[in-house]
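>
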Amino acid sequence: MDPESRFLVAVTGASGVLYARRLIEILGPRTDVILTKDAAPVIEIETGLSTKEFAGPANILYRGEDLAAAPASGSHRFRALVVVPCSGTTVAKIAAGIADNLVTRAAAVALKERRPLVLVPRETPLSAIVLENLLKLARLGVVVLPASPGFYGGPRRIEDLVDFVVARILDQLGVEHSIGVRWTGPPE
Ligand SMILES: Cc1cc2nc3c(=O)[nH]c(=O)nc-3n(C[C@H](O)[C@H](O)[C@H](O)COP(=O)(O)O)c2cc1C
1 MDPESRFLVA VTGASGVLYA RRLIEILGPR TDVILTKDAA PVIEIETGLS
51 TKEFAGPANI LYRGEDLAAA PASGSHRFRA LVVVPCSGTT VAKIAAGIAD
101 NLVTRAAAVA LKERRPLVLV PRETPLSAIV LENLLKLARL GVVVLPASPG
151 FYGGPRRIED LVDFVVARIL DQLGVEHSIG VRWTGPPE
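All residue numbers for the sequence shown refer to our numbering, where the first residue is 1 and numbers rise by one.
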């Protein structure tokens with residue numbers, strides 16, 4: 001599949017890597033994955049998987065330290081970049097224009113090339129610094145999609161909560177899917 005039709009999924013060292021894992025599972029070889037250095041221990045802690053296993057269904061796995069990799073250049077095309085979960089550190093760097101690893105560089109490319117950028121921040125509570133950074137990015141057209149699942153579908157398992165958020169990400173990417181729940185109005 002040509003790079004133009006692939007999605008970049010970037011995983012940082014925030015909690016909630018299961019959201020990324022599920023997204024990669026659904027998008028499969030349509031995905032190129034980038035992991036920051038600090039994502040690896042969180043992946044190990046929260047899933048017990050190696051980084052290779054974690055990114056298994058993806059087309060390519062890039063290391064965040066690899067600033068010479070294709071997504072570092074605007075000449076490399078991709079459909080959209082999703083940073084999931086997105087740490088406060090990565091939010092701050094993107095908002096400040098700091099492109100010091102492959103994730104923050106790909107985000108800088110997405111901004112300068114006006115390509116879709118979806119951030120899934122995971123932190124609670126949020127400081128005014130993070131809120132200001134997110135507001136700045138939202139005003140630039142970035143989609144800020146907090147990892148905050150709704151409960152109106154009656155979730156029973158962790159997977160249901162994960163699917164709720166991943167469904168909203170897929171909606172943003174314009175990818176057809178049948179996961180999660182959609183509100184159809186109050187029960188009769
Ligand atoms: C188990 C674990 C969970 C973490 N969860 C979060 C989190 O939910 N949100 C966050 O902003 N940082 C979290 N951190 C801290 C980040 O990993 C740290 O700020 C790191 O520098 C982020 O760098 P990165 O964005 O380049 O991956 C967590 C760290 C660990 C070890």
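Just so it is clear, CB atoms sit at the ideal spot from N, CA and C, and this is done for glycine as well.
None of these values were measured; they are calculated from a predicted model.
May I ask which residues mark the beginning and end of the alpha helix (DSSP H) holding Val206?
Outside the displayed range of the chain (1 to 188) lies residue 206, so it cannot be described from this structure.
> So if I measure from each beta-carbon to every heavy atom of ligand 1 and keep distances below 6 Å, which residues remain?
Those satisfying the condition are, in chain order, Thr12, Gly13, Ala14, Ser15, Thr36, Asp38, Ala39, Pro41, Val42, Ile45, Ser87, Gly88, Thr89, Thr90, Arg122 and Glu123.
> Have a look at Leu61 and His76 and give me their C-alpha separation to the nearest angstrom.
Here residue 61 is taken as the residue at index 61 of the sequence shown, counted from 1. Here residue 76 is taken as the residue at index 76 of the sequence shown, counted from 1. For Leu61 and His76, the distance between alpha carbons rounds to 16 Å.
> Would you identify the three-state DSSP class for Ile60, choosing helix, strand or coil?
Locating residue 60 in the sequence shown gives position 60, counting from the first residue. Correct three-state label for Ile60: strand.
> Going along the chain, which residues of its own chain have a beta-carbon closer than 8 Å to the beta-carbon of Ala39, five neighbours each way excluded?
Position 39 of the sequence shown, counted from the first residue, corresponds to residue 39. So the qualifying residues of the chain are Val11, Thr12, Gly13, Val17, Thr51 and Gly64.
> Asp160 lies in the beta strand (DSSP E); which residues open and close that run?
Residue 160 sits at position 160 when you count from the first residue of the sequence shown. Not the beta strand (DSSP E): Asp160 falls in the alpha helix (DSSP H), residues Ile158 to Leu173.
> How about Ala189 and Asp32: are their beta carbons less than 9 Å apart?
Look at the range of the chain in this structure, 1 to 188, and you will see that residue 189 is not part of it.
> Tell me Phe7's beta-bridge partners as DSSP assigns them.
Reading the sequence shown from its first residue, position 7 is the one you call residue 7. Thr31 and Ala80, per the DSSP bridge assignment.
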